Structure formats: C-alpha cells, structure tokens
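Input: a single structure, listed below in structure tokens.
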Amino acid sequence: MRVLALTMLDDEASLRAAMEAGAAGYLVKGARPEDVIRAVLSVAAGELVFGASVADRVLRHLSAPRPPALPNSPTGSARCSP
Numbered sequence: 036m037r038v039l040a041l042t043m044l045d046d047e048a049s050l051r052a053a054m055e056a057g058a059a060g061y062l063v064k065g066a067r068p069e070d071v072i073r074a075v076l077s078v079a080a081g082e083l084v085f086g087a088s089v090a091d092r093v094l095r096h097l098s099a100p101r102p103p104a105l106p107n108s109p110t111g112s113a114r115c116s117p
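Here the sequence shown is numbered in our numbering, starting from 36 and rising by one per residue.
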C-alpha cells in the first residue's frame, strides 16, 4: 500500500517522520484540489510527490555547501578510534 501524507505540519521533523514511516508523498493542507488529485494518482502510479514548499526546502538542503572532506578518509567523514 502506498501512502500520501496530507498534513497541516510543515516542519522538517514531521516530513522526516513521514518519510521514515514509508510515505511516498507529503502535501501540506491548503494544497489546491487539483494538486491533491494529481498527487494521489502519482503516488498510486509509484511516483514520489512533495508539495511545492517541501520540494523547495529539499532542493535548498541538497544544494547547500558541504564542508570539505577530511584528508585520509575514504568516506569524507572523520573516523574516531575507540
């Protein structure tokens, strides 16, 4: 079963919780009726759907500058020894 979250919560913690619970889409209440219909059909067809405000935040997060990778680290993150 595919799930589309329709919520009044527009914060990162709620979005993350919905995605971790397996939601395939996330729309904030107030979305236009035609957007809700399109989202339901898209999720049913196997697509992922995010409302405009959520998609904007995700894109800003993904395009934010990343700190430089640490030298001698194959994953680019610091490794600590016990």
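We treat Cβ as the ideally placed atom computed from N, Cα and C, and that holds for glycine. Just so it is clear, the structure is predicted and the values come from calculations on it, not from any experiment.
Asked                                                                                                      : Found
For D122, the nearest candidate out of P103, D91, R67, V75 (CA to CA)                                      : What the structure shows of the chain is the stretch from 36 to 117, and residue 122 is not part of that stretch, so it cannot be assessed.
Which of helix, strand or coil DSSP assigns to V78                                                         : helix
Under the three-state DSSP convention, the category A104 falls into                                        : coil
Which of helix, strand or coil DSSP assigns to A53                                                         : helix
Outcome for L97 when other beta-carbon atoms lying within 10 angstroms are tallied against a minimum of 16 : exposed
Residues that A39 bridges to, as DSSP identifies them                                                      : The sequence as given places Leu at residue 39; Ala does not occur at that position. In DSSP, L39 forms a bridge with G60.
DSSP-derived helix/strand/coil call for S116                                                               : Low confidence applies to S116: its pLDDT is 49, below 50, so where it sits in the model is not reliable enough to give any reading.
Whole-Å CB distance - L39 paired with V93, under 8 Å assumed                                               : Not a contact, Cβ separation roughly 16 Å.
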